[in-house]
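As numbered in this note's numbering, residues 7 to 215 make up the sequence shown, in order. Virtual Cβ for every residue (Gly too), placed ideally from N, Cα, C. Just so we're clear, the structure is a prediction, and the values are computed from it rather than from any experiment.
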Amino acid sequence: MIRFSIFGIPVLVHPFFWITLALIGGALGANSPSAILGVCLFLLAGFISILVHELGHALTARKFGAHSEIVLQAFGGYAAYSGVRLTRPQSFMVTAAGPAVQILLGIVLFVLIPQLPEMSPFGVYFLRTLMGISIFWALLNLLPVLPLDGGRMLDSILGPERIRVTLWITIIVASLLAVIALKTTGSILLPIFMGMFAWQGWQALRQHR
Numbered sequence: 007m008i009r010f011s012i013f014g015i016p017v018l019v020h021p022f023f024w025i026t027l028a029l030i031g032g033a034l035g036a037n038s039p040s041a042i043l044g045v046c047l048f049l050l051a052g053f054i055s056i057l058v059h060e061l062g063h064a065l066t067a068r069k070f071g072a073h074s075e076i077v078l079q080a081f082g083g084y085a086a087y088s089g090v091r092l093t094r095p096q097s098f099m100v101t102a103a104g105p106a107v108q109i110l111l112g113i114v115l116f117v118l119i120p121q122l123p124e125m126s127p128f129g130v131y132f133l134r135t136l137m138g139i140s141i142f143w144a145l146l147n148l149l150p151v152l153p154l155d156g157g158r159m160l161d162s163i164l165g166p167e168r169i170r171v172t173l174w175i176t177i178i179v180a181s182l183l184a185v186i187a188l189k190t191t192g193s194i195l196l197p198i199f200m201g202m203f204a205w206q207g208w209q210a211l212r213q214h215r
């Protein structure tokens with residue numbers, strides 16, 4: 007495991023974070039030095055983008071008096087908070103800050119890349135990959151599906167007394183996306199995750215009868 011701090015926020019990176027990111031980046035098909043370099047650049051871009059996302063959560067929570075730490079693990083990460091009970095508006099802002107800063111990073115890169123002087127193909131690949139991951143990851147997390155950021159934001163808006171509404175939205179949206187992704191993409195990863203989120207939502211719904 008890798009441990010470090012950034013802006014005073016402790017960060018823990020599990021080995022499976024790198025393994026899953028490498029698999030997504032095409033490590034199994036990397037059979038040349040240039041392909042291996044491409045996977046390494048994908049790893050770096052994914053690490054930076056997801057870390058920026060979690061820093062958005064952690065730094066915003068710290069502004070509200072919480073102690074924050076970041077954990078990067080398989081298929082993403084999370085920011086943990088302790089020491090203070092956040093209000094619903096505060097919780098919404100903390101949750102929204104992650105995808106917000108990631109989208110901002112993507113927009114900045116979208117504007118900046120065409121203005122840069124001529125670069126090596128690998129430099130261009132890195133910046134475009136960083137932009138693509140940032141925008142995709144932010145939009146994915148904004149889906150109104152628990153436990154994604156969008157689902158947590160919806161939960162902050164509706165409140166605990168309407169948790170069944172939030173869970174039904176989670177089940178319906180996740181189920182639809184699982185079916186659509188299965189039929190329109192060549193990847194089974196997104197359908198599996200959406201199916202898992204739908205199942206978790208259904209199990210939680212049964213506990214809130």
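- Each of T101, V179 and F10 was checked against the Cα of T66, and the nearest Cα belongs to T101.
- A direct Cα-Cα distance of roughly 18 angstroms separates I186 from L152.
- A check of alpha carbon separations from I30 across G192, F203, Q209 and L211 identifies G192 as the nearest.
- Per the coordinates, the alpha-carbon of W143 lies some 8 angstroms from the alpha-carbon of Q108.
- Per DSSP, the continuous beta strand (DSSP E) segment holding E75 begins and ends at H73 to Q79.
- Y87 is bridged by DSSP to S74.
- Exposed is the label assigned to R215, since fewer than 16 other Cβ atoms lie within 10 Å of its Cβ.
- For the 7 angstroms CB-CB criterion, M137 and G165 do not form a contact.
- Residue pairing by DSSP places S11 opposite P16 in a beta bridge.
- Taking the Cα positions, I15 is about 11 angstroms away from G62.
- For T26, the closest alpha carbon among the candidates F10, P123, G83 and P39 is that of G83.
- Taking all protein chains in view, the Cβ of A41 is surrounded by fewer than 16 other Cβ atoms within 10 Å, so the residue is classified as exposed.
- The criterion of a C-beta distance shorter than 7 angstroms is satisfied by G104 and H59.
- Between the alpha carbons of I163 and L92 lies a distance of about 13 angstroms.
- When the Cα atoms are used, H73 and D161 turn out to be separated by approximately 22 angstroms.
- In this structure, DSSP gives G192 a state outside helix and strand, which the three-state scheme calls coil.
- The alpha-carbon of L110 is positioned some 34 angstroms away from that of A210.
- The alpha carbon of A180 has as its nearest neighbour, out of F10, G157, F53 and G71, the alpha carbon of G157.
- In this structure A28 does not touch V17 by the C-beta definition: roughly 19 angstroms separates them, more than the 8 angstroms allowed.
- In the three-state scheme derived from DSSP, where H, G and I count as helix and E and B as strand, G165 is classed as coil.
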